[in-house]
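Novice: Heads up: the sequence lines are chains A and B, in that order.
For reference, each letter of the first sequence is one residue, going 1 to 102 in the working numbering.
For reference, each letter of the second sequence is one residue, going 1001 to 1102 in the working numbering.
Number of protein chains: 2
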Amino acid sequence: MSDPQAVLAALADPTRRAVFERLNSKGPASASELALELPVTRQAIAKHLSHLGSVGLVDRSHQGRQVVFEARVAPLGEVASWLETVGSEWDDRLERLRGSFE
Amino acid sequence: MSDPQAVLAALADPTRRAVFERLNSKGPASASELALELPVTRQAIAKHLSHLGSVGLVDRSHQGRQVVFEARVAPLGEVASWLETVGSEWDDRLERLRGSFE
DNA sequence: TCCTTTCGCAACCAGTCAGTTGCACTCAGC
DNA sequence: GCTGAGTGCAACTGACTGGTTGCGAAAGGA
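#1: Mind checking the region 1020 to 1034 of chain B against chain A and listing, in chain order, the residues whose C-beta falls within less than 9 angstroms of any C-beta there?
#2: Buried or exposed: B:P1004, going by 16 or more other Cβ atoms within 10 Å of its Cβ?
#3: Check this for me: beta carbons of B:H1048 and B:R1016, under 8 angstroms apart or not?
#4: Reducing DSSP to helix, strand and coil, say where B:R1060 ends up.
#5: Within 8 angstroms (strictly less), CB to CB, does A:E17 reach chain B?
#6: Please list, in chain order, all residues of the same chain as B:V1067 whose beta carbon is under 8 angstroms from its beta carbon, the five residues on each side excluded.
#7: Is it true that the CB of A:V73 sits closer than 8 angstroms to the CB of B:G1064?
#8: Identify, in the order they occur along the chain, each residue of the same chain with its Cβ nearer than 7 angstroms to the Cβ of B:E1037, setting aside the five sequence neighbours on each side.
#9: In angstroms, rounded to a whole number, what distance separates the CA positions of A:E95 and A:E89?
#10: Put B:S1007 into one of helix, strand or coil per three-state DSSP.
#11: Roughly how many angstroms lie between the CA atoms of A:D91 and B:G1053, to the nearest whole one?
#12: Quick one: what's got a C-beta closer than 6 angstroms to A:N24's C-beta in the same chain, skipping five residues either side?
#13: Rounded C-beta distance between A:L83 and B:A1010? I'm assuming under 8 angstroms.
#14: Using a Cβ-Cβ cut-off of less than 9 angstroms, list which residues of the region 54 to 67 of chain A approach chain B; keep chain order.
#15: Taking the beta strand (DSSP E) that B:V1068 belongs to, which residues open and close that run?
#16: Of all Cβ atoms in chain A, is any one closer than 8 angstroms to the Cβ of B:E1089?
#17: Just curious, the alpha helix (DSSP H) that A:S32 is in, first and last residue?
#18: I'd like the list of long-range same chain contacts for B:T1041, defined as Cβ closer than 8 angstroms, with 5 residues on each side in sequence excluded.
#19: May I have the straight-line CA-CA distance separating B:P1075 from B:A1046, to the nearest angstrom?
#20: Distance, Cα to Cα, B:G1056 vs A:S2?
In structure tokens:
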């Protein structure tokens, strides 16, 4: 259960988004594999994966010598519901405003 | 029509989120008013408002000598639908995976 | 055992950005 | 015209962080 704002911040970086979307669309991969497909070094990828992992957007598992990372979409739902909450606050405000004219 | 990733990045900063949520929950305010309620200077607020405005999360209007800012929630919907798209990509991948076993 | 691959850790660099300070401008009220 | 409130612009600073390089450790294969 990661807080939505941390997930928001994690998705704010373009490279981190690229890593996540790559894992999400083409399936699990290791940091080295990702480094071949993206224009940054393995170390940069590893840092981003660690960041993504800390907010629950990525799962790590060992396969022999390799460490394979997999995307997890559950935190996205929490962000979505947070956005919905903010939106409904706005609706409430409209409602109160309407009420004040009756 | 602001792109969802810019909105994402705009909402990533805690202070900027605080400004937006303040405007969203308590209604329009000027930069000076916001500076009284938040622990940063008016200039910092003004920069954040400019940033929020550039992604469509805030509307500005003049009231006499004052400049009043108001929250706009439409871009939040775009972010939500983007999140949904990412989620559905994941569903597609599951579907393909399922198909490969038949 | 030796070599290679993969990974993790630490140090370092450079760019970005949040925040402050200072100053100039505008406009309403006296 | 003067004063004060509200705003905008520019320069500066400090901290954070994305990215790289270098090195050492662990693990599989010949």
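Built from N, CA and C at the ideal position, the CB exists for glycine as well.
Specialist: Taking the geometry as given:
#1: F1020, E1021, N1024, S1025, K1026 and G1027
#2: Here residue 1004 of chain B is taken as the residue at index 4 of the second sequence, counted from 1. Buried: at least 16 other Cβ atoms inside 10 Å.
#3: Here residue 1048 of chain B corresponds to residue number 48 of the second sequence, with the count starting at 1. Here residue 1016 of chain B corresponds to residue number 16 of the second sequence, with the count starting at 1. It is a contact, given that the beta carbons lie within the stated cut-off.
#4: Here residue 1060 of chain B refers to the residue found at position 60 of the second sequence. When secondary structure is reduced to three states using DSSP, B:R1060 falls in the strand class.
#5: What you label residue 17 of chain A is simply residue 17 of the first sequence in a count that begins at 1. For the sequence presented, residue 17 of chain A should be read as Arg rather than Glu. Closer than 8 angstroms to some Cβ of chain B, the Cβ of A:R17 qualifies, so yes.
#6: Stepping through the second sequence from its first residue, residue 1067 of chain B is reached at position 67. Excluding positions up to five away in sequence, the list reads S1030, A1031, R1060 and S1061.
#7: Against the second sequence, residue 1064 of chain B aligns to sequence position 64. Against the first sequence, residue 73 of chain A aligns to sequence position 73. Cβ atoms of B:G1064 and A:V73: not closer than 8 angstroms.
#8: For the purposes of this step, residue 1037 of chain B is taken as the residue at position 37 of the second sequence. For B:E1037, where only same-chain residues beyond five positions count, the Cβ hits under 7 angstroms are R1022.
#9: Walking along the first sequence from the start, residue 95 of chain A turns up at place 95. Walking along the first sequence from the start, residue 89 of chain A turns up at place 89. Roughly 10 angstroms between the two C-alpha positions.
#10: Indexing the second sequence from 1 puts residue 1007 of chain B at position 7. Looking at the sequence itself, residue 1007 of chain B is Val, so the reference to Ser does not match. The answer is helix: DSSP assigns B:V1007 an H, G or I state.
#11: In the first sequence, residue 91 of chain A corresponds to position 91, counting from 1. In the second sequence, residue 1053 of chain B corresponds to position 53, counting from 1. Each residue's alpha carbon lies about 20 angstroms from the other.
#12: Position 24 of the first sequence, counted from the first residue, corresponds to residue 24 of chain A. Hits under 6 angstroms: A71.
#13: Here residue 83 of chain A refers to the residue found at position 83 when the first sequence is read from its first residue. Here residue 1010 of chain B refers to the residue found at position 10 when the second sequence is read from its first residue. About 13 angstroms separates the two Cβ atoms, so there is no contact after all.
#14: none
#15: On the second sequence, residue 1068 of chain B is found 68 positions in, with the first residue counted as 1. Run containing B:V1068: Q1066 to A1071, per the beta strand (DSSP E) assignment.
#16: Residue mapping note: residue 1089 of chain B aligns to position 89 of the second sequence, counting from 1. Judged by the 8 angstroms Cβ criterion, B:E1089 is in contact with chain A.
#17: As a position in the first sequence, residue 32 of chain A is number 32, starting the count at 1. Start and end: A31 to E37.
#18: Here residue 1041 of chain B refers to the residue found at position 41 of the second sequence. Leaving aside the five residues that flank B:T1041 on each side, the residues in its chain whose CB is nearer than 8 angstroms to its CB run, in chain order, A1035.
#19: Here residue 1075 of chain B refers to the residue found at position 75 of the second sequence. Here residue 1046 of chain B refers to the residue found at position 46 of the second sequence. The straight-line gap from Cα to Cα measures roughly 20 angstroms.
#20: To locate residue 1056 of chain B, count along the second sequence from 1; it is residue 56. To locate residue 2 of chain A, count along the first sequence from 1; it is residue 2. Taking the straight line joining both Cα atoms gives about 27 angstroms.
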